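To start, the structure itself, in structure tokens.
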């Protein structure tokens with residue numbers, strides 16, 4: 001069989017596809033895959049409460065909880081730390097006073113100005129290792145979600161010194177997009 005110019009024209013695109021498909025992308029570290037496997041849930045947990053209810057609950061007795069939350073927060077532009085698995089979430093519980101549409105600005109709404117308390121609608125989620133240390137990977141690296149996605153988280157919660165709910169993540173279920 002003789003090689004002709006026509007054969008080479010066919011081979012170049014094929015070689016280019018093979019090079020691109022063979023892993024020019026970023027490799028996911030094995031530790032990230034292990035964390036992801038440990039935390040991602042196949043089914044949505046039941047018994048969710050609002051962030052406000054969770055704050056009241058842990059003020060009395062820190063403990064386990066289930067929350068339906070929205071990734072990110074309208075008042076904090078960066079939702080995830082780049083060098084550790086800590087991320088901000090907002091209230092996502094259906095029919096909560098704090099689960100409002102993206103086009104609604106609580107700072108201009110008379111009802112929201114009267115009712116709105118940032119601490120009742122914000123939580124900080126932390127992915128920790130067996131020693132209780134926050135893992136050194138971003139939540140963006142570990143999980144496949146983006147701001148405004150709804151997720152259900154399970155974990156143990158406590159209030160920090162300023163009253164913000166902090167949750168050490170035990171499990172996460174990403175709700176399907178609607």
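Residue numbers (full-length UniProt numbering): 1 to 178.
A virtual CB, placed ideally from N, CA and C, is assigned to each residue, including glycine.
Just so you know, these numbers come straight off a predicted model, no measurement behind them.
{"Query": "Residue 168, DSSP secondary structure in three states", "Result": "strand"}
{"Query": "Rounded separation between residue 67 and residue 27 - CA only", "Result": "31 Å"}
{"Query": "Secondary structure of residue 81, DSSP reduced to three states", "Result": "coil"}
{"Query": "Check whether residue 125 and residue 87 have beta carbons under 8 Å apart", "Result": "yes"}
{"Query": "Spatial neighbours of residue 22 in its chain, beta-carbon cut-off 6 Å, leaving aside the 5 residues before and after", "Result": "Note that residue 22 scores 47 on pLDDT, short of 50, meaning its location in the model is unreliable; the coordinates nonetheless yield the value given after this. Cβ neighbours of residue 22 beyond the five flanking positions: none."}
{"Query": "Range of the contiguous beta strand (DSSP E) that encloses residue 37", "Result": "Segment 30 to 39 is the alpha helix (DSSP H) holding residue 37; no beta strand (DSSP E) there."}
{"Query": "Span of the beta strand (DSSP E), counted from its first residue to its last, around residue 123", "Result": "122 to 126"}
{"Query": "CA-to-CA distance, residue 41 to residue 142, given in whole angstroms", "Result": "14 Å"}
{"Query": "For residue 151, the residue or residues it bridges with in DSSP", "Result": "69, 174"}
{"Query": "Residue 140 in three-state terms, based on DSSP", "Result": "helix"}
{"Query": "Beta-carbon proximity of residue 165 to residue 55, cut-off 8 Å", "Result": "yes"}
{"Query": "Straight-line gap, residue 47 to residue 82 (C-alpha atoms, nearest Å)", "Result": "31 Å"}
{"Query": "Contacts around residue 64, its chain only, beta-carbon distance under 6 Å, and the 5 residues preceding and following it disregarded", "Result": "156"}
{"Query": "Burial state of residue 76 (16 or more Cβ within 10 Å)", "Result": "exposed"}
{"Query": "Local Cβ density within 10 Å of residue 70, reported as buried at 16 or more and exposed below that", "Result": "buried"}
{"Query": "For residue 51 and residue 162, the rounded distance between their alpha carbons", "Result": "15 Å"}
{"Query": "Length of the line joining the Cα atoms of residue 134 and residue 53", "Result": "25 Å"}
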